[in-house]
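Heads up, the thing below is written out as C-alpha coordinates.
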Amino acid sequence: MIPILRLAVPVVAAALLVACNRGDKPAPTSTASPAASVTATPTSTASAATATATASATPTATASRTPTAFPTGPAGPTPPAGYATSCAAAFPWGRQVTRPFVCIEEPKAAAAFSRGGPLLVRGYAGGSFENNVVVQVRLKDASGRLPEKPLFQVPLTYVAPDAGMPGFWQVVFTLPGDIQASDGRVTALFFSPKDGAVVAETSVDIVVR
(Lines of atoms letter the chains of each structure in order from A and count residues from 1; the text may use other names and numbers.)
(Lines give C-alpha, C1' and ligand atoms only; values in the text may rest on other atoms or scores of the structure.)
Protein backbone atom coordinates (compact mmCIF):
# COMPACT_ATOMS: atom_id res chain seq x y z
CA MET A 1 0.00 0.00 0.00
CA ILE A 2 2.87 2.32 0.47
CA PRO A 3 3.59 2.51 -3.26
CA ILE A 4 -0.05 3.42 -3.92
CA LEU A 5 0.05 6.23 -1.36
CA ARG A 6 3.18 7.52 -2.95
CA LEU A 7 1.37 7.75 -6.27
CA ALA A 8 -1.76 9.33 -4.78
CA VAL A 9 0.02 12.16 -3.02
CA PRO A 10 1.27 13.81 -6.22
CA VAL A 11 -2.15 13.45 -7.81
CA VAL A 12 -3.92 15.08 -4.89
CA ALA A 13 -1.36 17.86 -4.80
CA ALA A 14 -1.81 18.51 -8.50
CA ALA A 15 -5.58 18.61 -8.10
CA LEU A 16 -5.33 21.09 -5.27
CA LEU A 17 -3.01 23.29 -7.34
CA VAL A 18 -5.42 23.29 -10.26
CA ALA A 19 -8.29 24.13 -7.95
CA CYS A 20 -6.38 27.06 -6.56
CA ASN A 21 -5.54 28.39 -10.02
CA ARG A 22 -9.20 28.08 -11.14
CA GLY A 23 -10.67 29.78 -8.08
CA ASP A 24 -13.34 32.42 -8.94
CA LYS A 25 -12.02 35.88 -8.69
CA PRO A 26 -14.46 38.42 -7.18
CA ALA A 27 -16.26 40.37 -9.87
CA PRO A 28 -15.13 43.99 -9.99
CA THR A 29 -17.57 46.39 -8.39
CA SER A 30 -19.02 48.82 -10.93
CA THR A 31 -18.39 52.41 -9.95
CA ALA A 32 -21.37 54.59 -10.72
CA SER A 33 -20.47 57.66 -12.72
CA PRO A 34 -21.75 60.73 -10.97
CA ALA A 35 -24.86 62.16 -12.60
CA ALA A 36 -24.56 65.61 -14.19
CA SER A 37 -25.63 68.25 -11.72
CA VAL A 38 -27.87 70.92 -13.30
CA THR A 39 -28.10 74.19 -11.49
CA ALA A 40 -31.38 75.88 -12.35
CA THR A 41 -30.83 79.52 -12.97
CA PRO A 42 -33.88 81.36 -11.73
CA THR A 43 -35.75 83.16 -14.45
CA SER A 44 -35.63 86.89 -13.91
CA THR A 45 -39.11 87.93 -12.94
CA ALA A 46 -40.04 91.37 -14.07
CA SER A 47 -42.08 92.77 -11.26
CA ALA A 48 -44.02 95.41 -13.04
CA ALA A 49 -45.57 97.63 -10.45
CA THR A 50 -48.90 98.74 -11.74
CA ALA A 51 -49.30 102.33 -10.72
CA THR A 52 -52.86 103.34 -10.11
CA ALA A 53 -53.42 106.77 -11.58
CA THR A 54 -55.06 109.07 -9.08
CA ALA A 55 -56.95 111.94 -10.69
CA SER A 56 -56.42 115.07 -8.67
CA ALA A 57 -59.20 117.41 -9.46
CA THR A 58 -57.54 120.76 -9.82
CA PRO A 59 -60.20 123.40 -9.47
CA THR A 60 -60.09 126.12 -12.07
CA ALA A 61 -61.78 128.48 -9.67
CA THR A 62 -60.35 129.17 -6.26
CA ALA A 63 -61.60 131.20 -3.36
CA SER A 64 -59.53 132.90 -0.71
CA ARG A 65 -61.22 133.97 2.50
CA THR A 66 -58.38 136.21 3.62
CA PRO A 67 -59.89 139.63 4.32
CA THR A 68 -58.25 142.51 2.50
CA ALA A 69 -60.61 145.35 3.35
CA PHE A 70 -62.20 144.48 6.69
CA PRO A 71 -60.47 143.85 10.02
CA THR A 72 -59.38 140.27 10.60
CA GLY A 73 -60.02 140.15 14.35
CA PRO A 74 -63.30 139.84 16.29
CA ALA A 75 -65.76 142.62 15.70
CA GLY A 76 -65.68 145.19 18.48
CA PRO A 77 -68.06 147.91 19.62
CA THR A 78 -66.74 150.27 16.96
CA PRO A 79 -68.26 149.65 13.52
CA PRO A 80 -66.00 149.19 10.48
CA ALA A 81 -65.07 152.34 8.60
CA GLY A 82 -67.87 153.49 6.32
CA TYR A 83 -70.55 151.41 8.05
CA ALA A 84 -72.84 154.42 8.55
CA THR A 85 -73.16 154.81 4.78
CA SER A 86 -72.94 151.13 3.86
CA CYS A 87 -75.64 148.76 2.63
CA ALA A 88 -76.22 147.82 6.30
CA ALA A 89 -76.66 151.37 7.59
CA ALA A 90 -80.28 150.65 8.55
CA PHE A 91 -79.05 148.16 11.18
CA PRO A 92 -77.19 149.92 14.01
CA TRP A 93 -73.85 148.32 14.78
CA GLY A 94 -73.67 146.55 18.13
CA ARG A 95 -77.44 146.15 18.47
CA GLN A 96 -79.76 143.24 17.88
CA VAL A 97 -81.20 143.29 14.38
CA THR A 98 -84.95 143.74 14.03
CA ARG A 99 -85.08 141.30 11.10
CA PRO A 100 -82.65 138.98 9.29
CA PHE A 101 -80.71 140.62 6.46
CA VAL A 102 -77.72 140.22 4.18
CA CYS A 103 -76.30 142.83 1.81
CA ILE A 104 -73.37 143.13 -0.61
CA GLU A 105 -71.16 146.18 -0.21
CA GLU A 106 -68.78 145.19 -3.01
CA PRO A 107 -68.89 144.74 -5.92
CA LYS A 108 -71.21 147.47 -7.02
CA ALA A 109 -73.80 146.83 -9.72
CA ALA A 110 -72.34 146.57 -13.26
CA ALA A 111 -68.75 146.40 -11.95
CA ALA A 112 -66.38 144.85 -14.51
CA PHE A 113 -63.80 142.14 -13.78
CA SER A 114 -61.10 140.51 -15.88
CA ARG A 115 -60.83 136.81 -16.60
CA GLY A 116 -58.02 135.33 -14.57
CA GLY A 117 -58.20 138.18 -12.08
CA PRO A 118 -59.59 138.56 -8.55
CA LEU A 119 -63.21 139.12 -7.64
CA LEU A 120 -63.62 140.65 -4.20
CA VAL A 121 -67.02 140.20 -2.59
CA ARG A 122 -67.78 141.65 0.84
CA GLY A 123 -70.80 142.72 2.77
CA TYR A 124 -72.81 142.52 5.98
CA ALA A 125 -75.39 140.23 7.50
CA GLY A 126 -77.38 139.75 10.69
CA GLY A 127 -79.91 137.36 12.17
CA SER A 128 -78.43 134.21 10.62
CA PHE A 129 -78.15 130.98 12.59
CA GLU A 130 -74.55 130.70 13.78
CA ASN A 131 -73.66 133.69 11.57
CA ASN A 132 -73.67 131.56 8.40
CA VAL A 133 -73.69 133.10 4.92
CA VAL A 134 -73.30 131.47 1.49
CA VAL A 135 -71.79 133.43 -1.40
CA GLN A 136 -72.38 132.30 -4.99
CA VAL A 137 -71.10 133.50 -8.37
CA ARG A 138 -72.81 132.61 -11.65
CA LEU A 139 -71.95 133.56 -15.22
CA LYS A 140 -74.46 133.51 -18.05
CA ASP A 141 -74.15 130.71 -20.61
CA ALA A 142 -74.19 131.05 -24.40
CA SER A 143 -77.97 131.39 -24.36
CA GLY A 144 -77.78 134.32 -21.95
CA ARG A 145 -79.18 132.39 -18.99
CA LEU A 146 -77.78 132.07 -15.51
CA PRO A 147 -77.11 128.37 -14.82
CA GLU A 148 -78.54 126.66 -11.79
CA LYS A 149 -75.10 125.43 -10.74
CA PRO A 150 -72.86 128.32 -9.64
CA LEU A 151 -69.29 128.81 -10.78
CA PHE A 152 -68.40 129.46 -7.14
CA GLN A 153 -70.22 128.62 -3.93
CA VAL A 154 -68.53 129.31 -0.61
CA PRO A 155 -69.99 129.09 2.92
CA LEU A 156 -68.77 131.84 5.25
CA THR A 157 -69.17 132.88 8.86
CA TYR A 158 -69.60 136.60 9.35
CA VAL A 159 -67.97 138.35 12.30
CA ALA A 160 -70.27 140.22 14.70
CA PRO A 161 -69.88 141.65 18.22
CA ASP A 162 -72.48 139.18 19.49
CA ALA A 163 -75.18 136.80 18.30
CA GLY A 164 -78.08 138.52 16.56
CA MET A 165 -76.02 141.63 15.76
CA PRO A 166 -74.81 142.83 12.36
CA GLY A 167 -71.47 141.49 11.22
CA PHE A 168 -69.19 141.59 8.20
CA TRP A 169 -68.00 138.95 5.78
CA GLN A 170 -65.62 138.85 2.84
CA VAL A 171 -64.26 136.46 0.22
CA VAL A 172 -61.90 136.84 -2.74
CA PHE A 173 -62.43 134.63 -5.78
CA THR A 174 -60.02 134.08 -8.66
CA LEU A 175 -61.88 134.02 -11.96
CA PRO A 176 -60.70 131.29 -14.37
CA GLY A 177 -58.71 132.62 -17.28
CA ASP A 178 -60.31 130.25 -19.80
CA ILE A 179 -63.93 131.29 -19.37
CA GLN A 180 -65.91 133.26 -21.93
CA ALA A 181 -66.59 136.93 -21.39
CA SER A 182 -70.08 137.18 -19.97
CA ASP A 183 -72.45 138.95 -17.65
CA GLY A 184 -72.76 137.41 -14.22
CA ARG A 185 -74.38 137.62 -10.84
CA VAL A 186 -73.05 137.54 -7.28
CA THR A 187 -75.51 136.28 -4.66
CA ALA A 188 -75.32 136.20 -0.87
CA LEU A 189 -77.91 134.34 1.19
CA PHE A 190 -78.51 132.21 4.25
CA PHE A 191 -80.98 129.50 5.13
CA SER A 192 -83.23 128.40 7.96
CA PRO A 193 -81.73 125.56 10.03
CA LYS A 194 -85.25 124.16 10.48
CA ASP A 195 -86.47 123.61 6.93
CA GLY A 196 -83.67 124.91 4.70
CA ALA A 197 -85.78 127.77 3.37
CA VAL A 198 -84.02 130.95 2.29
CA VAL A 199 -84.22 133.49 5.12
CA ALA A 200 -82.43 136.43 3.47
CA GLU A 201 -80.94 136.93 0.02
CA THR A 202 -79.43 139.67 -2.11
CA SER A 203 -77.59 139.82 -5.43
CA VAL A 204 -75.53 142.13 -7.65
CA ASP A 205 -75.04 141.83 -11.41
CA ILE A 206 -71.47 142.11 -12.73
CA VAL A 207 -69.57 141.91 -16.03
CA VAL A 208 -66.64 139.59 -16.75
CA ARG A 209 -64.56 140.50 -19.79
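Just so you know, we're using our numbering here: the sequence shown kicks off at 3 and counts up by one.
Here a beta-carbon is modelled for each residue, glycine too, at the ideal position from N, C-alpha and C.
No experiment lies behind these values; they were computed from the predicted model shown.
If you check the CB distance, L177 and L121 come in under 8 Å. Of the candidates T87, R187 and V210, R187 places its Cα closest to the Cα of E203. Taking 8 Å as the cut-off, the Cβ atoms of Y160 and F170 count as close.
Annotation for L153: A63, V139, R140 and L141 place their beta carbon closer than 7 Å to its own, counting only its chain and skipping 5 residues before and after.
In its chain, beyond the 5 residues on either side, P195 have a beta carbon closer than 7 Å to the beta carbon of F131.
Secondary structure within the region 112–169: the beta strand (DSSP E) runs of 3 or more consecutive residues, fully enclosed, are 120–128, 134–141 and 154–159 (chain order). Minimum Cα-Cα distance from S116 among the listed residues R101, P81, V99 and I181 corresponds to I181. By the criterion of a C-beta distance shorter than 7 Å, P79 is surrounded in its chain by G96 and P163, once the five residues flanking it on both sides are discounted.
With fewer than 16 other Cβ atoms from the protein chains shown falling within 10 Å of its own Cβ, V200 counts as exposed. Nearest neighbour of P157 by Cα position, chosen from P109, T189 and V210, turns out to be T189. For L191, the enclosing beta strand (DSSP E) covers residues S184 to F193.
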